[in-house]
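Contents: one structure, followed by commentary.
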Amino acid sequence: MDESNFDQQQSEKERFDLVVEMGELILLNGGEIYRAHETMLYAASQFKLNGFQAFIIANGIFASAVVNQCMYSCQVRSVPLAPIELCRVEALNELSRDVAQGHCTPAQLRERLDHIKVMKASGTKLQILASGCGSACFCYLFQGTWADAAVAFGAGITLYWFILQVLDRIGLPKIMRTILSSAEVALFCFVSYSLGFGDSLDHIIIGAIFPLVPGVPLTNAVRNLLENDYLSGLVRMADALLTAGCIAIGVGIALSLGHLLFGGSI
Numbered sequence: 003m004d005e006s007n008f009d010q011q012q013s014e015k016e017r018f019d020l021v022v023e024m025g026e027l028i029l030l031n032g033g034e035i036y037r038a039h040e041t042m043l044y045a046a047s048q049f050k051l052n053g054f055q056a057f058i059i060a061n062g063i064f065a066s067a068v069v070n071q072c073m074y075s076c077q078v079r080s081v082p083l084a085p086i087e088l089c090r091v092e093a094l095n096e097l098s099r100d101v102a103q104g105h106c107t108p109a110q111l112r113e114r115l116d117h118i119k120v121m122k123a124s125g126t127k128l129q130i131l132a133s134g135c136g137s138a139c140f141c142y143l144f145q146g147t148w149a150d151a152a153v154a155f156g157a158g159i160t161l162y163w164f165i166l167q168v169l170d171r172i173g174l175p176k177i178m179r180t181i182l183s184s185a186e187v188a189l190f191c192f193v194s195y196s197l198g199f200g201d202s203l204d205h206i207i208i209g210a211i212f213p214l215v216p217g218v219p220l221t222n223a224v225r226n227l228l229e230n231d232y233l234s235g236l237v238r239m240a241d242a243l244l245t246a247g248c249i250a251i252g253v254g255i256a257l258s259l260g261h262l263l264f265g266g267s268i
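Going left to right, the sequence shown walks through residues 3 to 268 as my numbering numbers them.
Right under this line is the structure:
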């Protein structure tokens, strides 16, 4: 193989890597499977990749392309199920439109992908405050009183403080993170109610644990099943149900511990 063919092959391989990386980032940050697939197809067409094919499931990407018209290049990417980062999904959607319209070269695409990888949605304080506001609103929405909502607000604050300042530094698996965080917030609600704050322990706990509820993954799972993407739907459904089960386990542990500490008075 002469030097010019080698350079062309290397260039096509780099473009192929960029296309797969775009799909991987969309999937990793919570984007829909069909969006990741369409983005990869548009980018492959714009970058003149021959014979490009992609098969995407909830936690994996399988892609292939013809390099230098004589050799197949294949990639398999394992994509773990991770929390949704809407700011990155939005940035990737905008990037995919620029690529499809021919407004982005491979070098520019690499630069923008590197920027998106380190993009942060919001600061720690804002996330903690948002958790408190969400917990209070959901508590009131489910017929809790203003007193219940106030306690749920405090519980939501402590919940995300515990997640961001304690669990993130420990680096526990997702199952243990969910169990410990739900136990922490339920125990906070139990102790607060036992001290005379709030009117209904059930409403307080329901509102306080809502930041942990896997609503979006469950919705995406149902959508995948309705689109006949059964494998991805089952993967996401299993993840959502497992998260819900871990929340129930954590709350149950906290309530049992609370009754042991305070007796049967509550």
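Ideal placement from N, C-alpha and C gives every residue a C-beta, glycine not left out.
Length of the line joining the Cα atoms of residue i and residue j
i: G260; j: T126; result: 29 Å
i: F54; j: F144; result: 50 Å
i: D241; j: P219; result: 8 Å
i: F192; j: L203; result: 7 Å
i: G254; j: M178; result: 14 Å
i: G235; j: R225; result: 7 Å
i: K15; j: I86; result: 29 Å
i: E40; j: P216; result: 26 Å
i: G198; j: L262; result: 18 Å
i: M239; j: T221; result: 9 Å
Cβ distance (whole Å) where residue i is taken to contact residue j below 8 Å
i: G252; j: A185; result: 4 Å
i: L27; j: I118; result: 6 Å
i: V91; j: G32; result: 6 Å
i: I59; j: L228; result: About 16 Å separates the two Cβ atoms, so there is no contact after all.
i: A157; j: F190; result: 5 Å
i: Q24; j: L83; result: According to the sequence provided, residue 24 is Met. The question's Gln does not apply to it. Their Cβ separation, rounded to whole angstroms, is 19 Å, which puts M24 and L83 out of contact at 8 Å.
i: V168; j: G200; result: Between G200 and V168 the Cβ distance is about 24 Å, and since that is not below 8 Å, they are no contact.
i: Q48; j: A93; result: At roughly 18 Å, the Cβ-Cβ gap does not stay under 8 Å, so Q48 and A93 are not in contact.
Distance CB(residue i)-CB(residue j) smaller than 7 Å
i: Q80; j: G62; result: Note on identity: in this sequence residue 80 is Ser, with Gln being the wrong assignment. Yes, the Cβ-Cβ distance between S80 and G62 is below 7 Å.
i: L20; j: L111; result: yes
i: A188; j: A132; result: no
i: L51; j: A67; result: yes
i: A138; j: A123; result: no
Where residue i falls: helix, strand or coil (DSSP)
i: G53; result: strand
i: A256; result: helix
i: A65; result: strand
i: S137; result: helix
i: C76; result: strand
i: I58; result: strand
i: P85; result: coil
Residues near residue i by beta carbon distance below 7 Å, same chain, minus five either side
i: F164; result: S183, E186
i: F57; result: F64
i: D231; result: I35
Own chain, CB closer than 8 Å to residue i, minus 5 neighbours either side, in chain order
i: T180; result: L214, T245, C248, I249, G252
Residues near residue i in its chain [Cβ-Cβ closer than 6 Å; skip 5 each side]
i: G134; result: F155, G158, I159
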